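Colleague: Chains as they are written, first to last, in this note's numbering: chain A, 55 to 459; chain B, 55 to 459.
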């Protein structure tokens, strides 16, 4: 029997807890930011639907892209036409999930040449004295400032959403690997042996009215492998090296040449640009700096080297490049449509299966796209950022469709 | 002693032939299309310079990108401002290298929507009846036609240039691996053991007034590893699958969605688009077609699948996707500046060392860039396609600089 809390959903954390359910109206696979948020919104919008969240790891998951996501909200990242969604995301990040370390702080986007809306970097620095010393105003004489930018912890958002969904009576099955099947799922409940091997303890068939594949960068591959559906999505391995140059709560976010310096833990976390997807079969590997093996992949190293004159701390020992790949935090990032600039997306895979993808712009738009899918499944036409234009939203015949276990 | 031909340069093909030279004015590393052409032009422009070509394999080399290059000359591939060079390349391909299977034939670039200068595909097909049946005019209703396009064999050009250079008294050292050193080279003369292992038979130091690194996609890495020079060049693994749909000498070249169908050997060779560089450490690997392992890499497979409606033969057994990577010819292609659309380039690496790179546009511009480097080394200001604008061309102090061995 799963663990119970009065009035809350059940949680199966380990294989010692018997899981005997046979079907749900909706199963969400993956409790990262996208899946957990979709679960919470679905509980709010369609409380009558029986909902299960299945997660391969724990809550929070420590391996996916959510935990490494920069957590930078900036209007500079919002594609045209998506402003209302992004503003809604910013508002609920600030208000709705408890302490997700939301901190409003300006973002300075720095340029070697004049750009639309730019001001002299020296003027921008007068407003952000903490950034003096981090950059060379001679190499980057122009800046655009986003006064509405903010940082937060996407991992904390995922945790709050997951816990909120369970409090709102979603069930949660942890440490379980999923295969998609027509009309449902096959569950492999995982356990760890005395020799630290992860093995399948038992398998379990489950019917589901709808399955939402929210497995991050693994989602498109799972859809293809299990359902035989081809998608055009890609992925890229993104690392987030540390820069141990002191920062305080007053430090701005800096961006130059696509690289974002995000104040965090008293220093900076570097978020390198994603230029394009990595090829199928690519195994991330560390690069070399003047002949010495390091943990940062070569392409990222090249981006950092290119910026060393403009951002002098990158050329110092403050930059942690590590000795091997394991030394530098990194994760696979989904690239919707294989593009590095594509917003988060959801779409139907087969009848009854949906793919939900975050990707590089999940920090500004992910929650809105998760909401959109939840509302679509709930048959709700309204969106909190405005009505859905040009889209037929109809109530899907879900409730009661699947027999109660 | 190397093999001799009256009036020609010496050739060392195997380790049984003693190589006792100690220095050359110029050493060209790599006898692919770029290196061999540069060698020939340098013999013509500066016959006083003592010249050695060093090649890791034989002549022709069977492993590099030259042998797999499409051999398609088309005005559609010529970047703005490079038209005179491209026209010169086309002329010498047709006239100057003997039988390189030069064949003028139109190229049809096909589009789903109207493009500048396009005509209805049905009109273009009236001109190229052989292409009927290869494509769906409904999916690709518009076409641009290059009446001046031509196909040829880049491998035959490299062979003719290499042989021509030797006839003009260039020396040639085959089966030799090179390390770049300050002021010269270290040569590893290779041999094959009874157990088919390739081993270094002897090493040899060589002084060189100038070294030209023409090692194709391996050049930037060698420059970095041996000379400590960082370059921004990249590479991509490009495969050329076969399409066994019959073609004759009258067949046009077809192009759609970046994929080129080049009539060859009574069928077609497919030249997929290169979208971007492959990451450092990528090991090419075959993809899967509806679950079955094939020899074509996934990214190329996706490009082909996307075009199956527009080019119906791609959806038939005429397409040879193989069972493993070894079944589909492929080679690493240099990407100058890491870009898939960058023209060939040469530039100085260190004092005395130059990099010569072909890449995706080598078919239309490679020989001109090889000529340009040869002329620069020879101190010749004129170019056969016109004077060099805005560039100081001065005679370099090469001749007699290096002692005769």
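Heads up, the beta-carbon is just placed ideally off N, CA and C, and yes, glycines get one too. Predicted model only: the values in this text are computed from it and were never measured.
1) Tell me whether residue 457/B is buried or exposed, calling it buried when 16 or more other Cβ atoms sit within 10 Å of its Cβ.
2) Could you tell me the alpha carbon to alpha carbon distance between residue 401/A and residue 408/A, rounded to whole angstroms?
3) Anyone know if the C-beta pair for residue 223/A and residue 97/A falls short of 8 Å?
4) As an exercise, report each continuous beta strand (DSSP E) stretch of at least 3 residues that is fully enclosed by the stretch 125-174 of chain B, in chain order.
5) In terms of alpha-carbon separation, which member of 141/B, 79/B, 233/B, 332/B lies closest to residue 440/B?
6) Pull out every residue of the stretch 319-350 of chain A whose Cβ sits closer than 9 Å to any Cβ of chain B, in chain order.
7) Under 9 Å, CB to CB, which of the residues in the stretch 82-108 of chain A have a partner in chain B?
8) Beta-carbon separation of residue 107/A and residue 85/A under 8 Å?
9) Does the beta-carbon distance from residue 331/B to residue 384/B come in below 8 Å?
10) Thinking C-beta only, is residue 248/A closer than 8 Å to residue 112/A?
11) Just to confirm the assignment: which complete alpha helix (DSSP H) runs, minimum length 4, are found wholly within the stretch 206-289 of chain A?
12) Using a Cβ-Cβ distance cut-off of 8 Å, determine whether residue 352/B contacts chain A.
13) Return yes when the Cβ of residue 398/A is within less than 8 Å of the Cβ of residue 22/A, no when it is not.
14) Tell me where the alpha helix (DSSP H) around residue 94/A begins and ends.
15) Taking residue 429/A as the reference, which of 124/A, 380/A, 103/A, 62/A has the closest Cα?
16) Applying the 10 Å Cβ sphere with the 16-neighbour rule, what's the burial state of residue 185/A?
17) Would you check if the distance between the CB atom of residue 274/B and the CB atom of residue 159/B is smaller than 8 Å?
18) Looking at the strands, I want to know which residues DSSP matches up with residue 200/A.
19) If you draw a straight line from the alpha carbon of residue 215/A to that of residue 424/A, how long is it in whole angstroms?
20) Using a Cβ-Cβ distance under 8 Å, would residue 282/B count as near chain A?
21) Indicate, with yes or no, if the ligand HEM has a heavy atom lying under 7 Å from the CB of residue 163/A.
22) Residue 359/B CB to nearest chain A CB: under 8 Å?
23) Given a threshold of 16 other Cβ atoms within 10 Å of its Cβ, counted over all protein chains shown, does residue 448/A qualify as buried or as exposed?
24) Answer yes if the stretch 189-196 of chain A comes into contact with the stretch 334-352 of chain A, meaning at least three C-beta pairs across the two stretches below 8 Å, and no otherwise.
25) Between residue 294/A and residue 315/A, is the Cβ-Cβ spacing less than 8 Å?
26) If the criterion is Cβ atoms closer than 8 Å, does the pair residue 308/A and residue 349/A meet it?
27) Under 8 Å between the Cβ atoms of residue 264/B and residue 238/B?
28) Do residue 68/A and residue 254/A come within 8 Å of each other at the CB atom, strictly closer than that value?
29) Going by DSSP, what residue range makes up the alpha helix (DSSP H) through residue 420/B?
30) According to DSSP, is residue 314/B part of a helix, a strand, or is it coil?
31) Strictly by DSSP, which residues pair up with residue 293/B?
32) Ignore the nearest five residues each way along the sequence and tell me which others in residue 114/A's own chain have a CB closer than 6 Å to its CB.
33) Going by alpha carbons, who is nearest to residue 119/A out of 167/A, 417/A, 226/A, 162/A?
Modeller: Quick answer:
1) Low per-residue confidence applies at residue 457/B: pLDDT is 38, beneath 50, and the placement is therefore not dependable enough to give any value.
2) Whole-angstrom Cα-Cα distance: 6 Å.
3) In contact: residue 223/A and residue 97/A (Cβ atoms closer than 8 Å).
4) Taking 3 residues as the shortest admissible run, the stretch 125-174 of chain B contains the following complete beta strand (DSSP E) segments, listed from N- to C-terminal end: 161-165.
5) Ranking 141/B, 79/B, 233/B, 332/B by Cα distance to residue 440/B puts 141/B first.
6) Listed in chain order, the positions of the stretch 319-350 of chain A with a beta carbon within less than 9 Å of a beta carbon of chain B are 329, 330, 331, 332, 333, 334, 335, 336, 337, 338, 339, 340, 341, 342, 344, 345.
7) Interface annotation for the stretch 82-108 of chain A against chain B: empty, criterion Cβ-Cβ distance under 9 Å.
8) Yes, the Cβ-Cβ distance between residue 107/A and residue 85/A is below 8 Å.
9) Residue 384/B is positioned such that its CB atom lies no closer than 8 Å to that of residue 331/B.
10) It is not a contact, given that the beta carbons lie outside the stated cut-off.
11) Here the runs fully enclosed are 208-221, 273-281.
12) Answer yes: the Cβ-Cβ gap between residue 352/B and chain A drops below 8 Å somewhere.
13) Given that chain A is displayed from residue 55 to residue 459, the structure contains no residue 22/A and the question cannot be resolved.
14) From DSSP, the alpha helix (DSSP H) with residue 94/A extends over 87-99.
15) The shortest Cα separation from residue 429/A among 124/A, 380/A, 103/A, 62/A belongs to 103/A.
16) Buried, by the Cβ-count rule.
17) Contact flag unset, no.
18) Answer by DSSP bridge pairing, in chain order: 161/A.
19) Those two C-alpha atoms are separated by around 11 Å.
20) Yes, because at least one Cβ of chain A sits closer than 8 Å to the Cβ of residue 282/B.
21) As presented, the structure is devoid of all ligands, the ligand HEM included, so that no description of it is given.
22) True, the Cβ-Cβ gap to chain A drops below 8 Å.
23) Reliability of the predicted coordinates at residue 448/A is poor, the pLDDT of 42 falling under 50, and no value is obtained from them.
24) Short answer: they don't touch.
25) No Cβ-Cβ contact shorter than 8 Å links residue 294/A with residue 315/A.
26) Taking 8 Å as the Cβ cut-off, residue 308/A and residue 349/A do not qualify as a contacting pair.
27) No. Outside cutoff.
28) With contacts defined by Cβ atoms closer than 8 Å, residue 254/A and residue 68/A do not form a contacting pair.
29) Counting along the chain, the alpha helix (DSSP H) containing residue 420/B begins and ends at 416-432.
30) Note: residue 314/B maps to strand in three-state DSSP.
31) According to DSSP, residue 293/B bridges with 384/B.
32) Taking C-beta separations shorter than 6 Å and ignoring five residues to either side along the sequence, the partners of residue 114/A in its chain run 209, 212, 213, following chain order.
33) Out of 167/A, 417/A, 226/A, 162/A, 417/A has the C-alpha closest to the C-alpha of residue 119/A.
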